[in-house]
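In full-length UniProt numbering, the protein residues as written are 1 to 957. From the three backbone atoms N, C-alpha and C, an ideal C-beta is built for every residue, glycine too. Below is one structure, written out as C-alpha cells; the observations come after it.
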DNA sequence: ACGCCATTGATTTTT
DNA sequence: TCAATGGCGT
C-alpha cells in the first residue's frame, strides 16, 4: 500500500505511471518522498521488475540516498526485491554502464581511462603545442599561459560535446575561430581514441552515439526499460535530453521532475527549456502535468518571502513566458505573524559584519533553542572569496567550528605546508633546479619557500631530532644522486609518516569530520603524489630523471593544483557535521535544507555569462535557437540562484552582509540594488523579540547504505584492520606498482575466451586468437596502469591462459556466464561481488573463481584455502539470492598449477554459508563502528604495505 | 541629462 | 572578462 501521507497531487503523481508525466515540484514539496513512493508503487502494485526501471538523479549522493530509501521502504513491508538491477544513478553513471555493457559497439577498448576535470586539463596541457599549431587556434586560446589555454580549450571542447555540434559544420565555417575550434575538437577526439580515454562530457557523447548508431541496441534497451524517472530535469542539457528520449523510446513512460525556478547550471549547458517544453514533445493533451506546490519545509513567512522575490522579476518577454506561474503554499499556517525572515548585518560605515554575525550566533546558542551548530548553514555564491574565508576564520578563532570543504584552504593547512616544506628539504638542489634560466621566477615559489621555513622551524625543535637526522641523510643522498632510489615522491611521503611531526595527524579522531580533517588532507596529499607519478610515468628517482621531476612537480603539477584549488574531504553520510556551522555555495545547497539559513553574497549582481564566440555558436551552430532572450538570462539566473538559496531555510532565514553606501569611484552599495526591495523591510535580529522562542528543527539523518565486497573490504579488514582504516576508510593511495597486473591480465584473457564460448563461437578459440586477446588486454592495461611486466612474466601469464584452454579440451558447453557483477541490497549494507565463471545444467550451477597462482599446499596453507572458501560462499549466496538458481559446487581454479589437478572443489553447505554471511555481517558492523583494533601485525602483508614505516614506529613500544 | 572614463572587485561543476 | 559607481565634461 502506498503511503497515506501523500497529499492529493503527490498521490496523483505516484499513480500516473503510463505516458509522459511532468511534475513541477516546488521547494520542500516532498519530491523525494513522492519519487520513493512512485518506485514503490511501480514495483509492488504494477508488478514492474526493478531492472525495468531507470531513475536518474543529479548527483551520485542523491542516487545512493534514493536507493537506500527505496530499499528501506520495501523492507518496511517485508517485500524482497533486488534493487541492484535498477538503472539508478546520475546520467553520467548510467551512460557509463551502457558503454561498459556494450563496449564492443563503441570506440572504447577494455580498461579505458576515465579522466576527471583536472586529468582532462593536464591531458590537453601535455599536448598543447599540437593545438597551438592549428591555424586560428590563437583566436580561441588567446594570449595566456599554456595551462590557462588548456583550461579555455577544455571549456569549448566540452561545449561542443554537450551541444552535440557537428564537427564538419564547424570546420566549414567562414569564421576562422569556429573553424579552429572544429579542428581542435577533432584532434582532441583523436587523442582520446589513441589513449583509450574518456572525459565526462564524452561519456554522454559516446552513449548517445551508441544508441543512435546501433538501433538494435536502442531497441533492446527500449524493450527492457519500461519506466523512466528523471530528477532535477531543469538542470539537464541538450545531450542529456537526447539520451533520455532515446532511452524512452516509443513507450513514452517518462516522468520528469524538477523546478524551473531552481535551474542553476546554464554554464554547463543546462536549459530550463527542457522542462518548460517537455509537454510539447508529445501529442497534445498526452502529457500529464502535476504541480507539487505545498511546502512542508519552511516557515510560512519564509515561503511568502521567496514568493515575493520571484514576483519582482518579469518572466515574460515578447509574449513568451519563461516560468511556470506558480505560488508555493505553506503547509502550516499556524505560525503566521511570527518573523521567519530577518537580517544580521554589519552597519554602514563600520567594519563590524564578522562581529555582528558572531554575536547573532552566540545569542541563538545562549538564549535561543539552538542545540547544535550544525543547524546553521551559511550560503554564498562562492566560499572561496576572501571575505567569506575571513568570516570563517573569525568564527573559528572564537571557537565556532566551520565546515567549509570547498573554501580552498587545502594549501593553507599546517599539515600540508609541512609536507611541502619537508619535500623541499629533502631535495636541496631545488632552488637551482627550479630555474629554467637566470631570471626565472614563479609566484608560487614564495609560498613554497614559506612552507620550507615552517618546516625547518619545526625541525629545530628537540622532539624532531630523529627526523632531522633522517632528513639530512636523505637530502645529502638526493643532492648528488648516484644510483636509483626505490621510491619516488609517494614513497617518501609514507616514510615521512614514521616521524611524530606527521604521524600525530594519523592519530586524530575520525568520528567527527572536523577533527579528522588533517588525516583526510594527508590522504588527499598521498593521492596527489601517486597521481603525479602516474601522469609522469615514474616510480623511482634516478640520477637522470630527478632534476626534471622536481621541476615538473613544483613548477607545473603542484602549481596547477594550487591555482585550481583543492576541495577538502566531504562526507556523503553527514552533510551537516555535528558541532560545526556549514559554509556552502548555493549550488552545493541544492536539494538540501537547514533549520537556520544565513544567506550572504548580497553584494553580488547579475552578470553576463557568455562570450562573442558563444553567441556565434548559439546563433548558427546549435540545434535549437536560443530560448530565453540572451539579454534577460543573467537576471533570470540571478533570481533563480537566490530563490534556491532562500528556499533552503526551514525555521529561520537570515540575510547578512556588511552594509555599505557607495561613496566615490569604484565603491558600491551593499546590498546591491537587486536585493534592496527584499532586504530593506527586514528587521534586524536584535529587534525581533521572539527569535529566541523559535523552535529549531534538528538536522535529519542521512541514511546511505555503503557497499562492501569480500575481496576489497572484508578481506582487507581481516588481514589488517589498520590497513583497512588507511586504505579504505581514509582512502590513502598506495604507491603504485604492477602487483595486480599479472592476475588481471590472466583474468581478462580468460574472460574473453569465456565470452566467446557464450556467444557460441567455440571454434574461434584458437592459439592465434588467444594471443590476440592477450596482447590487446596487455596493451590496454599498461596504457591504463602505466606499469609494465617483464617479458618473462608476460610469457608466464600467457602460458597460464593457454594451459587452462588446453585442459578444457574444447568443451565449453556448460558455461553460463562469465565475470558477472552481482550486488545485493541488504538491510544494513550493499553486498557486492564479481563472479568469474558460472557453469551448470538445468537449475543448479557451479561457480568458479580463478586464482593466477600455484595451488597451495592444502594442509600447510589451509588458512588461505579456508579464506577462499568463504569468498566462494559469499558468491554462492549472491547467486542464489539474485538468480534463484541453486548452487551445487564451488571451485577454485589455480591457473598457475602445472602438474596436479588445478581445481579445489567445495560442495555447497547451506549452514556454512549462513555462518560465513553472519561473519561478514559482524565485520561490516565493526567497520561501521570504526573498530580498527588489531591483535598483532600480519608479518607477511606488512612487508608490502606503505604504512609499515608508521606501524614500525607505532608498535615499537 | 547624458556620455565617457577610471576605478574596483568578483563564479558556479557532473564520474 | 563586466557591472556599478561617481567624477568630469558638454
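Non-local beta-carbon contacts of residue 944 in its own chain, meaning distances under 8 angstroms to residues more than five positions away in sequence, involve 739 in chain order. Rounded to the nearest angstrom, the gap between the Cα atoms of residue 21 and residue 784 is 43 angstroms. Between residue 369 and residue 696, the C-beta gap is smaller than 9 angstroms, which places the two residues in contact. Across the set 400, 881, 502, 94, the C-alpha of 400 shows the shortest separation from the C-alpha of residue 374. In this structure, the CA atom of residue 886 is about 56 angstroms from the CA atom of residue 327.
Residue pairing of residue 25 in beta bridges, as defined by DSSP: 292. Uninterrupted beta strand (DSSP E) stretches at least 3 residues long and entirely within the region 758–828 occur at 815–825, given in chain order. Annotation: residue 194 to residue 203 spans about 16 angstroms, alpha carbon to alpha carbon.
Taking the CA atoms as reference points, residue 607 sits about 14 angstroms from residue 629. Beta-carbon to beta-carbon, residue 228 and residue 244 are separated by about 7 angstroms, close enough to satisfy the 8 angstroms threshold.
Comparing alpha-carbon positions, the option among 475, 676, 525, 77 lying closest to residue 565 turns out to be 525. In the DSSP annotation of this structure, the continuous segment of the alpha helix (DSSP H) that includes residue 158 starts and ends at 146–162.
Within the region 506–559, the complete alpha helix (DSSP H) segments of 4 residues or longer fall at 517–535, 546–551, listed in chain order.
Put simply, the backbone Cα of residue 603 is about 17 angstroms away from that of residue 584.
Within the region 693–719, the runs of alpha helix (DSSP H) that reach at least 4 residues and sit entirely inside it are, in chain order, 715–719. Residue 715 has its alpha-carbon roughly 10 angstroms from the corresponding atom of residue 868.
Annotated three-state conformation of residue 577 is coil, per DSSP. Taking a contact as a CB-CB distance under 8 angstroms, the pair residue 237 and residue 271 counts as one, their CB atoms being some 7 angstroms apart.
Nearest to residue 836 by C-alpha distance, out of 135, 808, 892, 864, is 892. For residue 407, the CB contacts under 6 angstroms within the same chain, skipping 5 residues up- and downstream, are 383, 384, 389 in chain order. Going by C-alpha positions, residue 717 is about 18 angstroms away from residue 506.
Residue 103 and residue 561 have their C-alpha atoms some 33 angstroms from each other. Between residue 653 and residue 597, the CB-CB gap stays under 9 angstroms.
Counted as a single uninterrupted DSSP element, the alpha helix (DSSP H) harbouring residue 433 occupies residues 430–433.
Judged by beta-carbon spacing, residue 829 lies within the 9 angstroms limit of residue 707, meaning their Cβ atoms are closer than that value.
A straight line joining the alpha-carbon of residue 915 with that of residue 909 spans about 10 angstroms. About 11 angstroms separates the Cβ atoms of residue 342 and residue 649, ruling out a contact at the 8 angstroms cut-off. For residue 662, no beta strand (DSSP E) encloses it, and the DSSP letter there is neither H nor E. Nearest Cα to residue 545 within the set 489, 531, 586: 489. Within the same chain, 205, 208, 238, 239, 242, 623 come within 8 angstroms of residue 164 by CB-CB distance, once the 5 residues on both sides are set aside.
Assignment of beta-bridge partners to residue 846 by DSSP yields 839. Between the alpha carbons of residue 144 and residue 425 lies a gap of roughly 32 angstroms.
Cβ neighbours of residue 776 within its own chain (closer than 8 angstroms, five residues either side excluded): 109, 110. The beta carbon of residue 178 sits closer than 6 angstroms to the beta carbons of 170 from its chain, once the five residues preceding and following it are set aside; these are given in chain order. Residue state for residue 1 is assigned as coil, using DSSP reduced to three classes.
Residue 86 counts as buried, since at least 16 other C-beta atoms from the protein chains shown sit within 10 angstroms of its C-beta.
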